[in-house]
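Since the structure comes first, as structure tokens, the remarks are kept for the end.
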Amino acid sequence: MENNFKKAKDVADIPVVLIDGLISVKEAVKIMKDNNTEVLVIEKRNEEDAHGILVLTDIIRGVLSQNKSLEEVSVYEIMRKPIVTIPHYLNVKYVPRFLSNLGLFFAPVDENGKYVGIISLKNFLMNHYE
Numbered sequence: 005m006e007n008n009f010k011k012a013k014d015v016a017d018i019p020v021v022l023i024d025g026l027i028s029v030k031e032a033v034k035i036m037k038d039n040n041t042e043v044l045v046i047e048k049r050n051e052e053d054a055h056g057i058l059v060l061t062d063i064i065r066g067v068l069s070q071n072k073s074l075e076e077v078s079v080y081e082i083m084r085k086p087i088v089t090i091p092h093y094l095n096v097k098y099v100p101r102f103l104s105n106l107g108l109f110f111a112p113v114d115e116n117g118k119y120v121g122i123i124s125l126k127n128f129l130m131n132h133y134e
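Structural data, given as structure tokens:
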């Protein structure tokens with residue numbers, strides 16, 4: 005039996021940008037600007053570690069609203085970890101519920117242990133909702 009529905013990997017339209025968690029938030033913001041993205045994935049420190057994620061709201065909540073400078077805070081201090089991923093085979097009709105039930109606006113799509121893209125609720129609504 006053939007699956008005739010769109011899968012999560014079909015709508016993961018934000019490229020994955022990996023960064024080191026030891027860089028400053030200022031450097032992370034520059035990487036966000038250079039890559040025209042609102043989300044970065046933080047590399048694992050070793051095989052037993054988990055990936056992290058950094059989104060604009062983490063920067064606002066963890067740096068700007070605390071009256072700290074972007075230079076004095078490292079990404080690892082404000083990132084979220086471990087990362088929540090969406091299975092690549094998930095029917096797209098379940099993506100908004102999956103993310104909203106977890107209080108997330110972004111999540112990478114995992115296919116066999118590799119991130120194939122990131123889904124944002126905003127992009128999903130604007131580009132893929134029918």
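According to the numbering used here, the sequence shown is numbered sequentially starting from 5. Virtual Cβ for every residue (Gly too), placed ideally from N, Cα, C. Being a predicted model, the structure only gives us computed values, none of them experimental.
The DSSP-derived three-state label of LYS13 is helix.
Considering only ASP24, GLU115, THR89 and LEU94, the residue with the shortest C-alpha distance to LEU106 is THR89. Here LYS118 carries a strand assignment [DSSP, helix/strand/coil].
If you check the CB distance, HIS55 and ILE82 do not come in under 8 Å. Note on geometry: alpha-carbon atoms of ARG49 and GLY117 lie some 16 Å from one another. ASP114 is the residue among ASN39, ASP114, ASN131 and MET130 whose C-alpha sits nearest the C-alpha of ALA12.
When beta bridges are read from the DSSP output, SER78 appears opposite SER28. Annotated as proximal: VAL77 and VAL29, with beta-carbon spacing under 8 Å. Nearest Cα to ASP17 within the set GLU51, THR41, ASP62 and ASN71: THR41.
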